[in-house]
Structure formats: C-alpha cells, structure tokens
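K.L.:
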C-alpha cells in the first residue's frame, strides 16, 4: 500500500505508525509531521476516503482492518466521505512549514481539503 520509503523502521513498526497517523488525520482533519511521512500517508488516507465513498459492508470492513479506532471509522463513513462524494481524488493537502528546531527535519502539515 505505501510507497518505498522505509523511514528507518522495520515493516511492522512502519505500518503501525502509518495506521496511527492515518487514524489521527481522519479524526482531527490535520496532522503535523515530517514531509516524507506526509508523502507516505497521503495515498493511504485517500484510499481510506475512497473506501468510505463506496460505503459497502466490504469497504467498511477493509477500513476497520486498517484504522485503529472505531469512532474514526464512523466519522469517515458518516461525515468525511459524503463531503467528498463529487470529488474524484485529491482529498489531502501537504503544506511545508519549515525545519524542525531540534534536528532540522523538514516539517509539513497534511490536512483534508475542505
């Protein structure tokens, strides 16, 4: 599902991080993270929103298998997906906000497009 960036983590830890970040992004509408992580979670988030637009039992089960919280799944299917019913992709926006003070990593805000 995600791209080819390994982000210095083993596969299981990396997938757990992606699951949690996608859940937080869907729950809050925006997330501040590094640019490379934002580029990795954008296609996953867009696939989850596409599943929400289908709104079948199979798509709901696929979403529950990836998203870590039931209230986030409910919000995806009841609030977020209907908002994007007429839109064909491009549900997320990545905005760079400059380097992080501690280590200079390039930071970004990924948010759901209104």
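In my numbering, the protein residues as written are 37 to 150.
Ideal placement from N, C-alpha and C gives every residue a C-beta, glycine not left out.
Since the model is a prediction, treat every value here as computed from it, not as a measurement.
(1) Tell me which residue opens and which closes the alpha helix (DSSP H) that residue 82 is part of.
(2) Would a C-beta distance cut-off of 8 Å place residue 128 and residue 96 closer than the cut-off?
(3) Alpha carbon to alpha carbon, how far is residue 43 from residue 123? Give it in angstroms, no decimals.
(4) Whole angstroms is fine: what's the gap from residue 76's alpha carbon to residue 150's?
(5) Cβ atoms of residue 50 and residue 146: under 8 Å apart, would you say?
(6) Please state if the CB of residue 142 and the CB of residue 58 are separated by a distance shorter than 8 Å.
(7) Would residue 62 and residue 81 qualify as a contact pair, given that the criterion is a beta-carbon distance under 8 Å?
(8) Hey, would you say residue 121 sits closer than 8 Å to residue 89, going by beta carbons?
P.N.:
In this structure, then:
(1) 71–90
(2) no
(3) 31 Å
(4) When rounded, the distance between both Cα atoms is 21 Å.
(5) no
(6) The answer is no: Cβ separation not under 8 Å.
(7) yes
(8) Judged by beta-carbon spacing, residue 89 lies within the 8 Å limit of residue 121, meaning their Cβ atoms are closer than that value.
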